[in-house]
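Protein chains: 2
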Amino acid sequence: MSLLVVGSIALDSVYTPFGETADAPGGSAVFFSAAGVILHPVQVVGVVGTDYPLGALKALEARGVDLSGVEQAPGESFRWKAKYSYDLASRETLETRLGVFADFRPKLPPKFRDARYLFLGNIDPELQLGVLDQVKQPALVACDTMNYWIHSKRDLLLELLRHIDILMINDSEARELSGDWNIYRAARWVLERGPRMTVIKQGEHGALLVNRDTTFKVPAYPLQEVFDPTGAGDAFAGGFMAYLASTKDLAEPNLRRAMVYGAALGSFAVEAFGVQGLEHVTLAEVRARVRAFKELVHFEADAPP
Amino acid sequence: MSLLVVGSIALDSVYTPFGETADAPGGSAVFFSAAGVILHPVQVVGVVGTDYPLGALKALEARGVDLSGVEQAPGESFRWKAKYSYDLASRETLETRLGVFADFRPKLPPKFRDARYLFLGNIDPELQLGVLDQVKQPALVACDTMNYWIHSKRDLLLELLRHIDILMINDSEARELSGDWNIYRAARWVLERGPRMTVIKQGEHGALLVNRDTTFKVPAYPLQEVFDPTGAGDAFAGGFMAYLASTKDLAEPNLRRAMVYGAALGSFAVEAFGVQGLEHVTLAEVRARVRAFKELVHFEADAPP
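Protein chains in written order, with the working numbering: chain Z, 17 to 321; chain R, 17 to 321.
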């Protein structure tokens, strides 16, 4: 089952207490595909400028990421610069230069239009709707967004919600979108507006999967060393969607497993700077971490007789 | 197995966006015993002033709380006044009047000295050490503390750590105590100083049980309505300790179950103002919630063949 992601392809400059990167490959589509491709091939749609070090994406291509939907446009690539607090719990965006991303109008190569699993990374909801129109018959559509779109393009975002299966957002965004600080009521608010499910990302506290009848919680993997939280949410999305695409099973037990695969990939992402943490991760390592998650939360509700 | 708690017995005035209480029974020993007694009888050591409405504690006594260690001293009762933020995520202490608590020197009635399970609520570590000296042969000693003691009585607190089995504290306190913002490293720091285990309370994100070899995470129960977070941590402690006292099993699987019982009791505590939320909770309701926790986190790591 083909898996398609549309999102940003950026050059990130990130400062953490443990080091820094300068113009390192990043962006939602890059983190998503670097994580997802460990489980399943990924097709990418995005845009880079003439200054983008395309060689940096070759490693992804070699692993099974189809970059034929990545357009190179005249101008500068999207650049993002941010600084994390000493405990990595918060970050300040120092600079955002949209470059060619400002005029990005995603156009899917014909073969990408058959994608069955679609992830709409955090871009303008108008563009997300435009991508959705180009995909013929998706089996599952998930979508991310951010505060900026919640405020500036709320109507289009609400329109988008009517056409997707899963809204996958941060807890603070769920609160802003719904106007409700209680995260479970915020999730209900989302479900009343279209999506069958919502995945709420809670950073170092893991993630929630809420559908009409059930709630599933996966904690974050316990890490004594975290180097760079950048991209963790997109790596989570990549693991989640790629697991579903590879197993072709949208029943609840498999959705729960997909959440754990997402959390496992998110944990590998934060253990190194940029996408490096994901580059050498093997499927066996991912599976071992999924089993470790099981051990982390396992208990028997009833004592043995 | 007898279960003993030493802690504060207070009159709380709490303001939340949903209502307020004035001079309502509270304090660590009260929340602990109101939760714990659902699972197992609880013995209480504490002090109240001549102004304390002892009738308010009669309901606890009727349910199996032994108040014969509660001393009534000349003077005012301990009073605490606090205001929560709109989302209940933070609170400001408006007033603390120690009253008779300032001169409290816990003295255990002879029959309490045989207690096997001991919880040292959040009081001066000097007093906690004094109580520990009076208990003959405890099977399990757990202890809470707070920022105030971490700063003002650090040496005594470190001395206490050498004599207890479980340090049970908030995540922010674990960070302050250890000087490490990473919660898993902070937990290791604690384990290197005496306790066999540490329970780290994470508020709306649940709690962690960390021992030398394993980590267990229980999330908080998903609640769409939370009215008053006061006492949740002590109710958690009460559920945790009372479950262990009632089952007399300190093996890992049972410690994990105790964590879930603690989380269940904590969730009932926050659903009403003061200790009211706990007063009418039945054992069957607690067990049903424990099973709901199982459903909340359950997944199979391997798909069926």
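Here a beta-carbon is modelled for each residue, glycine too, at the ideal position from N, C-alpha and C.
field: Residue from Z:G219, Z:E36 and Z:R170 whose Cα sits closest to the Cα of Z:G290
entry: What you label residue 290 of chain Z is simply residue 274 of the first sequence in a count that begins at 1. Out of Z:G219, Z:E36 and Z:R170, Z:E36 has the C-alpha closest to the C-alpha of Z:G290.
message: Tell me the DSSP secondary structure of Z:E316 in three-state form.
response: Taking the first sequence and counting its residues from 1, one reaches residue 316 of chain Z at position 300. Coil at Z:E316, not helix or strand.
- request: With DSSP as the reference, label R:A280 as helix, strand or coil.
  value: Along the second sequence, one-based indexing puts residue 280 of chain R at 264. Note: R:A280 maps to helix in three-state DSSP.
- prompt: By DSSP, does R:A274 sit in helix, in strand, or in coil?
  reply: Translated into positions along the second sequence, residue 274 of chain R becomes position 258. DSSP places R:A274 in helix when its eight states are reduced to three.
- request: My understanding is that Z:V116 touches Z:V63, with C-beta atoms under 8 Å, so please give their C-beta distance in whole angstroms.
  value: Walking along the first sequence from the start, residue 116 of chain Z turns up at place 100. Walking along the first sequence from the start, residue 63 of chain Z turns up at place 47. Yes, they are in contact, since the Cβ atoms of Z:V116 and Z:V63 sit about 5 Å apart, within 8 Å.
task: Please name the residue, chosen from Z:F243, Z:F135, Z:L239 and Z:T214, that lies closest to Z:V46 on a Cα-to-Cα basis.
output: Here residue 46 of chain Z corresponds to residue number 30 of the first sequence, with the count starting at 1. For the residues Z:F243, Z:F135, Z:L239 and Z:T214, the minimum Cα distance to Z:V46 belongs to Z:F135.
- prompt: Just checking my contact of R:A50 with R:E295 at CB under 8 Å: how many whole Å lie between their CB atoms?
  reply: In the second sequence, counting from the first residue as 1, residue 50 of chain R sits at position 34. In the second sequence, counting from the first residue as 1, residue 295 of chain R sits at position 279. That belief holds up - the Cβ atoms of R:A50 and R:E295 are roughly 7 Å apart, short of 8 Å.
query: When DSSP builds the beta bridges, which residues end up paired with R:G62?
result: Within the second sequence, numbered from 1, the residue matching residue 62 of chain R stands at position 46. Per DSSP, R:V86.
- request: Please report the Cβ distance between Z:G278 and Z:F256, rounded to the nearest whole angstrom; I am assuming they are in contact, meaning their Cβ atoms lie under 8 Å.
  value: As a working note, residue 278 of chain Z is residue 262 in the first sequence. As a working note, residue 256 of chain Z is residue 240 in the first sequence. About 4 Å; that satisfies the 8 Å criterion.
message: Please confirm whether R:F34 has its beta-carbon closer than 7 Å to some beta-carbon of chain Z.
response: Walking along the second sequence from the start, residue 34 of chain R turns up at place 18. No, R:F34 does not count as interfacial toward chain Z.
- prompt: Residues of chain R with CB under 7 Å from Z:Y31, in chain order?
  reply: By 1-based counting over the first sequence, the position of residue 31 of chain Z is 15. The contacting residues do not exist; Z:Y31 stays about 17 Å from chain R at best.
- prompt: On the three-state DSSP scale, how would you describe Z:E295?
  reply: For the purposes of this step, residue 295 of chain Z is taken as the residue at position 279 of the first sequence. In the structure shown, Z:E295 sits in a helix (DSSP, three-state: H, G or I).
- request: Output yes if chain Z places a C-beta closer than 7 Å to the C-beta of R:L271; else output no.
  value: Position 255 of the second sequence holds residue 271 of chain R. False, the Cβ-Cβ gap to chain Z never drops below 7 Å.
task: Please name the residue, chosen from Z:R170, Z:L73, Z:A251 and Z:T112, that lies closest to Z:L281 on a Cα-to-Cα basis.
output: One-based indexing of the first sequence puts residue 281 of chain Z at position 265. If we check each option's Cα against that of Z:L281, Z:A251 comes out closest.
field: 8 Å Cβ cut-off: residues of chain R touching Z:Q240
entry: As a first step, residue 240 of chain Z must be located in the first sequence, where it is residue number 224. Neighbours of Z:Q240 on chain R, chain order: N198, Y200, R201 and R204.
- prompt: Of all Cβ atoms in chain R, is any one closer than 7 Å to the Cβ of Z:A317?
  reply: Start at 1 with the first residue of the first sequence, and residue 317 of chain Z comes out as number 301. True, the Cβ-Cβ gap to chain R drops below 7 Å.
As assigned by DSSP and simplified to three states, the class of Z:L19: By 1-based counting over the first sequence, the position of residue 19 of chain Z is 3. Strand, per DSSP.
Segment contact, 8 Å Cβ cut-off, at least three pairs: the region 202-216 of chain Z with the region 234-251 of chain Z: no
query: Exposed or buried, what is Z:Q218 when buried is set at 16 or more other beta-carbons lying within 10 Å of its beta-carbon?
result: In the first sequence, the residue the question calls residue 218 of chain Z occupies position 202. Classification of Z:Q218: buried, given that the 10 Å Cβ count is 16 or more.
- prompt: Short check: CB of Z:P141 to CB of Z:K169, under 7 Å?
  reply: Translated into the one-based positions of the first sequence, residue 141 of chain Z becomes position 125. Translated into the one-based positions of the first sequence, residue 169 of chain Z becomes position 153. Going by C-beta atoms, Z:P141 is nearer than 7 Å to Z:K169.
message: Would you say Z:R307 lies against chain R (beta-carbon separation less than 7 Å)?
response: The residue you call residue 307 of chain Z lines up with position 291 of the first sequence. Output row for Z:R307: interface = yes.
query: Taking the runs of the beta strand (DSSP E) that are 3 residues or longer, which of them lie wholly in the region 160-217 of chain R?
result: 182-186 and 213-217
query: Excluding sequence positions up to five away, which residues of its chain have a Cβ less than 6 Å from the Cβ of R:R95?
result: Working through the second sequence from its first residue, we reach residue 95 of chain R at position 79. Contacts found: L27 and R113.
task: Answer with buried or exposed for R:P245, where buried requires no fewer than 16 other C-beta atoms within 10 angstroms of its C-beta.
output: Mapped onto the second sequence, residue 245 of chain R falls at position 229. The residue is buried, with at least 16 neighbouring Cβ atoms inside 10 Å.
message: Please report the straight-line C-alpha distance between R:D67 and R:S24, rounded to a whole angstrom.
response: Position 51 of the second sequence, counting from 1, holds the residue named residue 67 of chain R. Position 8 of the second sequence, counting from 1, holds the residue named residue 24 of chain R. About 15 Å.
Residues of its chain near Z:V157, where Cβ-Cβ distance is below 6 Å and the 5 sequence neighbours each way are ignored: For the purposes of this step, residue 157 of chain Z is taken as the residue at position 141 of the first sequence. Counting only Cβ-Cβ distances below 6 Å, and skipping sequence neighbours, we find L134, I180 and D181.
Z:L148 versus Z:H167, Z:D171 and Z:R121, residue with shortest Cα-Cα distance: Residue mapping note: residue 148 of chain Z aligns to position 132 of the first sequence, counting from 1. It is Z:R121 whose Cα lies nearest to the Cα of Z:L148.
message: Just to confirm my understanding: we take Z:P57, look at its own chain, exclude 5 residues before and 5 after, and list those with CB closer than 6 Å. What are they?
response: Indexing the first sequence from 1 puts residue 57 of chain Z at position 41. Contacts found: G80.
message: Closer than 7 Å between beta carbons: that is the criterion. Which residues of the region 211-225 of chain Z meet it against chain R?
response: H221
message: Measuring only the C-alpha atoms, how far is Z:S106 from Z:K310?
response: If you number the first sequence from 1, residue 106 of chain Z lands on position 90. If you number the first sequence from 1, residue 310 of chain Z lands on position 294. Rounded to whole angstroms, Z:S106 to Z:K310 spans 28 Å at the Cα level.
- prompt: Nearest-angstrom Cα distance between R:L225 and Z:E316?
  reply: Position 209 of the second sequence holds residue 225 of chain R. Position 300 of the first sequence holds residue 316 of chain Z. Roughly 15 Å separates the two Cα atoms.
query: In chain order, what residues of the same chain have a beta carbon less than 7 Å from the beta carbon of R:P90, not counting five sequence neighbours either side?
result: Numbered from 1 along the second sequence, position 74 holds the residue referred to as residue 90 of chain R. T66, listed in sequence order.
task: Measure the alpha-carbon distance for Z:K99 versus Z:N186 and round it to whole angstroms.
output: The residue given as residue 99 of chain Z occupies position 83 in the first sequence. The residue given as residue 186 of chain Z occupies position 170 in the first sequence. Their backbone Cα atoms lie some 19 Å apart in a straight line.
field: Terminal residues of the beta strand (DSSP E) in which R:E108 lies
entry: For the purposes of this step, residue 108 of chain R is identified with residue 92 of the second sequence, where counting begins at 1. Here the beta strand (DSSP E) through R:E108 covers R107 to R113.
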